[in-house]
Amino acid sequence: MSVYYHQFEVRWSDIDTNRHLANSTYVEYCAQTRMAFMGKHKMGLKELNRWGIGPVILHEKFSFFKEIYMDQIVYVSLEIGGFSHDGAIYQFLHKFYFPDGTHCATAEATGVWIDMMLRKSTAQPDDIIEVLNQYKSIHHKVLTREDIKALPLTI
63 MSVYYHQFEV
73 RWSDIDTNRH
83 LANSTYVEYC
93 AQTRMAFMGK
103 HKMGLKELNR
113 WGIGPVILHE
123 KFSFFKEIYM
133 DQIVYVSLEI
143 GGFSHDGAIY
153 QFLHKFYFPD
163 GTHCATAEAT
173 GVWIDMMLRK
183 STAQPDDIIE
193 VLNQYKSIHH
203 KVLTREDIKA
213 LPLTI
């Protein structure tokens with residue numbers, strides 16, 4: 063199993079009034095890591111447009127362990143926490159690290175692939191399934207519609 067890493071240098075615009083990485087920046091760094099991963103593995107915007115599909119995040123959750131400050135370098139990892147048999151449902155796992163290996167935060171993003179014309183969930187091309195299999199985490203699980211139904215409701 064492989065792990066993908068993407069490097070960020072924390073900018074002024076990435077911090078909040080507490081002078082540490084803003085919550086919204088964690089979301090942005092995870093999204094950028096996913097898009098960089100997808101681009102590197104021939105499933106970037108060009109390929110998604112050709113296939114007529116797009117990823118939709120349904121739920122994200124974060125745990126924070128160590129503050130990240132401006133001008134620090136941080137690496138965001140990507141592993142596949144799970145996906146359904148047809149690949150329509152997926153879960154990305156992200157961890158934030160300093161260069162010395164200090165684990166700063168963890169994120170989990172669960173989503174579905176949609177057909178861009180029908181706007182409904184759809185199976186993934188075999189090309190995507192192949193890549194996801196290469197990056198499965200050691201705790202990988204097969205996801206089902208029940209996992210989507212079990213996501214927390216927003217009130």
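The opening residue of the sequence shown carries number 63 in this note's numbering; numbering runs sequentially from there.
In this text, a Cβ means the ideal position worked out from N, Cα and C, and glycines have one as well.
Nearest-angstrom Cβ-Cβ length linking residue i and residue j, presumed shorter than 8 Å
| i | j | result |
| --- | --- | --- |
| histidine 68 | threonine 95 | 4 Å |
| tyrosine 159 | tyrosine 137 | 5 Å |
| alanine 150 | tryptophan 175 | 6 Å |
| serine 183 | histidine 156 | Not really, about 22 Å apart at Cβ, beyond 8 Å. |
| aspartate 148 | alanine 185 | 4 Å |
| aspartate 189 | lysine 108 | Incorrect: roughly 13 Å between the Cβ atoms, too far for contact. |
N-terminal and C-terminal residue of the alpha helix (DSSP H) that residue i is part of
| i | result |
| --- | --- |
| glutamine 53 | Beyond the ends of the chain as shown, which are 63 and 217, falls residue 53; an answer cannot be given. |
| histidine 86 | Histidine is not the amino acid found at residue 86; the sequence shown has serine there. That run of the alpha helix (DSSP H) goes 85–102. |
| asparagine 111 | 107–113 |
| arginine 207 | 207–211 |
Residue(s) in a DSSP beta bridge with residue i
| i | result |
| --- | --- |
| glutamate 71 | Ile135 |
| threonine 168 | Ser125, Lys157 |
| isoleucine 142 | Phe154, Lys198 |
| valine 118 | Val174 |
| isoleucine 77 | Leu83 |
| valine 204 | Phe145 |
Beta-carbon contacts of residue i that lie in its chain and below 6 Å, excluding the five residues immediately before and after
| i | result |
| --- | --- |
| glycine 106 | Met100 |
| lysine 198 | Met63, Ile142 |
| glycine 144 | Gln153, His202, Lys203, Leu205 |
| methionine 97 | none |
| leucine 194 | Ile142, Phe145 |
| valine 65 | Ser139, Glu141 |
Chain-order list of residues whose beta-carbon lies under 8 Å from that of residue i (same chain, five-residue window excluded)
| i | result |
| --- | --- |
| alanine 84 | Asp76, Ile77, Asp78 |
| arginine 81 | Tyr131, Met132 |
Same chain only: Cβ atoms within 7 Å of residue i, ignoring 5 sequence neighbours per side
| i | result |
| --- | --- |
| threonine 164 | Lys128 |
| leucine 110 | Gly116 |
| leucine 213 | Leu120, His121, Thr172 |
Fill in: Stretch pair the region 153–172 + the region 111–129: three plus CB contacts closer than 8 Å
Yes, since at least three Cβ pairs between the region 153–172 and the region 111–129 fall closer than 8 Å, the two stretches touch.
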